[in-house]
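Chains as they are written, first to last, in the working numbering: chain A, 5 to 119; chain B, 18 to 129.
Below: one structure, written as structure tokens.
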């Protein structure tokens, strides 16, 4: 039973390019969460998605960032026109979304470096 | 808006002694609390949780205490081991909301 998969593990982009981060949840999990961890800081919630729906995007920057979780395939976090301040570790987590089950299972993260 | 706070960025204890990590929250709707452990270059892993109907949950060397009136919880590790050295995140969630909010983390170092 594979855990949460994220790829790539490391991503280098020049300023102005686009970054695409992928997350495959655990088998049977229909809820996906994205978090960002800036250097020396904690995990910041970005967005919570269920299949084909964005449930809560209150932590997403208003511009350049978007997320999707299509019916088929992984969840994608997309950052357009990246800037140096976007350099961070981006973690995806998934959960089964069952009532009373709040535990989230995290992937290994994607470390984005903007040069 | 920091709804979950871990005011100690770091903690250092001697092997065999007790480690106490603290966490405060502001949102009274939170009713489920979790602790995650994170090693460098890895994702956080679930450690232990507690529901608001309890004030204590124990799992081996790890015990979480919840004080609802003070909106405070703590994680006790006893005895501490060098392998416990990691960053510990406190997280909170509300029953009708699958979102989770994390604290900034506390870096625990257990010295041999």
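Using N, Cα and C, we set each Cβ at its ideal position, and we do this for glycine too.
Task: Residue from B:84, B:85 and B:124 whose Cα sits closest to the Cα of residue 54 of chain B - done: For residue 54 of chain B, the closest alpha carbon among the candidates B:84, B:85 and B:124 is that of B:124.
Task: Per-residue burial, residue 56 of chain B [other beta carbons within 10 Å of its own, 16 or more giving buried] - done: Burial call: exposed.
- [ ] Could you tell me which of B:65, B:111 and B:83 sits nearest to residue 41 of chain B, measuring between CA atoms?
- [x] Among B:65, B:111 and B:83, the Cα nearest to that of residue 41 of chain B is on B:83.
TODO: Could you confirm whether any beta carbon from chain A is found closer than 8 Å to the beta carbon of residue 32 of chain B?
DONE: Among the residues facing chain A, residue 32 of chain B is not included, as its CB has no counterpart in that chain under 8 Å away.
TODO: Compare the C-beta of residue 46 of chain A against all C-beta atoms of chain B and say whether one is closer than 8 Å.
DONE: Yes, residue 46 of chain A counts as interfacial toward chain B.
TODO: Could you work out which residue in A:67, A:88 and A:37 is closest to residue 107 of chain A when comparing CA atoms only?
DONE: Residue nearest to residue 107 of chain A within the set A:67, A:88 and A:37 is A:37 (criterion: CA-CA distance).
- [ ] Output yes if chain B places a C-beta closer than 8 Å to the C-beta of residue 32 of chain A; else output no.
- [x] Chain B has no Cβ within less than 8 Å of the Cβ of residue 32 of chain A.
Task: From B:63, B:94 and B:79, residue whose alpha carbon lies closest to that of residue 29 of chain B - done: Considering only alpha carbons, the answer is B:94.
TODO: With a cut-off of 8 Å on the beta carbons, I'd call residue 44 of chain B and residue 24 of chain B a contact; round off their distance for me.
DONE: That pair is no contact at about 17 Å.
TODO: Take the Cβ of residue 29 of chain A as the centre, count every other Cβ of all protein chains shown within 10 Å, and call the residue buried at 16 or more, exposed below.
DONE: Counting other Cβ atoms within 10 Å of its Cβ, residue 29 of chain A reaches 16 or more and is therefore classed as buried.
Open item on the list: Report the start-end ranges of each alpha helix (DSSP H) in the segment 31-87 of chain A that is 4 residues or longer and not cut off at the edges.
Closed with: If we require 4 residues or more, the segment 31-87 of chain A turns out to have no alpha helix (DSSP H) run fully inside it.
Task: Contact set for residue 25 of chain A: own chain, Cβ-Cβ below 6 Å, skip 5 residues either direction - done: Taken in chain order, the residues that qualify are 81, 94 and 114.
TODO: Note down the Cα distance separating residue 96 of chain B from residue 103 of chain B, rounded to an integer number of angstroms.
DONE: Answer to the nearest angstrom: the Cα atoms are 15 Å apart.
Open item on the list: Residues of chain B with CB closer than 8 Å to the CB of residue 95 of chain A, please, in chain order.
Closed with: Result: 60 and 61.
- [ ] Over the uninterrupted beta strand (DSSP E) stretch that includes residue 75 of chain B, give me the two end residues.
- [x] Segment 73-76, the beta strand (DSSP E) holding residue 75 of chain B.
- [ ] With DSSP as the reference, please indicate the residues paired to residue 70 of chain B in a beta bridge.
- [x] Bridge partners of residue 70 of chain B: none, in fact.
TODO: Under 7 Å between beta-carbons, which chain A residues line up against residue 110 of chain B? List them in chain order, please.
DONE: Within 7 Å Cβ-Cβ: 106.
Task: Given residue 46 of chain B as reference, the closest of B:85, B:74 and B:63 once Cα atoms are compared - done: Of B:85, B:74 and B:63, the residue nearest in Cα terms is B:85.
Open item on the list: For a contact defined as C-beta to C-beta under 7 Å, what are the partners of residue 122 of chain B on chain A?
Closed with: Those are 46, listed as they occur along chain A.
Task: Cutoff 8 Å: residue 46 of chain B Cβ touching any chain A Cβ - done: So no, residue 46 of chain B is outside the interface.
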